[in-house]
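Residue numbering for the sequence shown is 20 to 282, as defined by the numbering used here.
The block underneath contains the structure these notes are about, expressed in structure tokens.
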Amino acid sequence: MTAFKVDQFLRAFFQANDCIIYEHHDGFIDVRLTEKLDRAIMNRPFYWHYVKQTGRQGEPFRLKLITNIDNEAKDGEWIHVGTPRMNEIVGYLEENSRFIQQFEQIHAAKQTMLQPWLVVNVMITFKGRQMRQELKSIGVNLINGLFLLNAMENLEKTKLSSFIKENCFTISPIISVTSGFLRIERKLIDDLVDMDEHWAIESIRQMKDELLLLYHFYDAENDRGKMMKEALEIVERLMPKIEFHVINGGLFYLSESWNRMKV
């Protein structure tokens with residue numbers, strides 16, 4: 020996940036959780052958390068317990084995050100996929116926002132149709148010699164099957180509500196939510212097939228080297244059980260694996276203009 024995508028993801032997250040954003044530009048975001056979010060991601064139970072016991076009004080934390088490592092002019096916390104703070108945010112989403120339903124807010128003089136889109140945010144973890152993670156946000160139109168990549172970045176620019184506007188109406192999905200999810204899964208897998216495999220090749224090469232060294236170290240007739248145990252540990256650590264983990268998702272009813280966005 021690029022620094023730009025992390026930046027856009029964070030802005031959408033804080034806006035969706037009613038935080039006050041004081042500054043946001045050049046890979047820097049300065050935000051005042053809500054009390055709920057402070058309690059969830061800042062690990063300050065002692066502070067909030069003290070506030071409660073003294074009957075005082077607590078002040079949520081003001082968080083300054085940097086997503087662009089080249090931005091040395093700002094004082095803040097460096098954040099990217101895999102950092103403890105990012106893991107806290109992802110964990111909060113998993114616990115509190117697993118699936119939502121929202122409608123695009125359109126001021127229409129005549130009846131306007133809204134089409135259902137399934138949007139899913141997925142963390143992809145590449146395990147092997149090194150571990151890295153990518154956050155993907157992908158949507159699928161449940162009427163025509165059209166895909167939209169970087170869906171959250173587009174939703175961030177769209178006014179949404181849990182209530183439908185007057186003069187707007189929805190149409191029932193032709194593609195079920197379950198089928199839509201499977202299509203997204205297949206799309207992600209197809210995209211992975213086309214990616215650079217160098218990371219996996221290097222991991223397998225190191226695994227073979229370590230196994231060969233292990234077999235030379237142990238006598239063939241002795242300590243076979245211990246050797247097999249260590250060999251399995253090497254395979255478990257270095258065998259390339261790709262894991263999908265759904266963070267959250269939602270059903271969004273959107274105007275037809277979304278069909279013309281970049282896939």
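Beta carbons: idealized from backbone N, C-alpha and C, even for Gly.
Cβ atoms of Phe271 and Gln121 come within 8 angstroms of each other, at about 5 angstroms. A contact between stretches requires three or more CB pairs, one per stretch, nearer than 8 angstroms, and the region 84-100 meets this requirement with the region 41-60. Annotation: the continuous beta strand (DSSP E) that includes Pro135 extends over Thr131 to Lys146. For Gly158, the three-state secondary structure derived from DSSP is strand.
Here the alpha carbons of Val254 and Arg51 stand approximately 45 angstroms from one another.
Excluding sequence positions up to five before and after Asp94, its CB lies within less than 7 angstroms of the CB of Lys83, all in the same chain and listed in chain order.
For Glu275, same chain residues with a beta-carbon under 8 angstroms away, outside a window of 5 residues either side, are Met132 and Gln134 in chain order. Nearest Cα to Arg81 within the set Ile203, Met171, Lys206 and Asp57: Asp57. One alpha carbon belongs to Asp210, the other to Arg256, and they sit about 25 angstroms apart.
A distance below 7 angstroms separates the beta carbons of Ile266 and Met142. Arg279 counts as exposed, since fewer than 16 other beta carbons sit within 10 angstroms of its beta carbon. At a Cβ-Cβ threshold of 7 angstroms, Gly101 and Pro259 do not count as neighbours.
Between Leu273 and Glu123, the C-beta spacing is below 7 angstroms.
A buried status is given to Lys155, since no fewer than 16 other beta-carbon atoms sit within 10 Å of its beta-carbon. Cβ-Cβ distances below 7 angstroms link Ala170 to Val138, Ser156, Ile157 and Gly158 in the same chain, with the five nearest sequence neighbours on each side left out; the list follows chain order. The beta carbon of Leu174 lies closer than 6 angstroms to none in the same chain, with the five residues before and after it left out. Here His44 carries a strand assignment [DSSP, helix/strand/coil]. Lys184 and Ile125 do touch by the CB rule: their CB atoms are close to 6 angstroms apart, below 8 angstroms.
If you look at Tyr66, you'll find it in the alpha helix (DSSP H) that goes Pro64 to Thr73.
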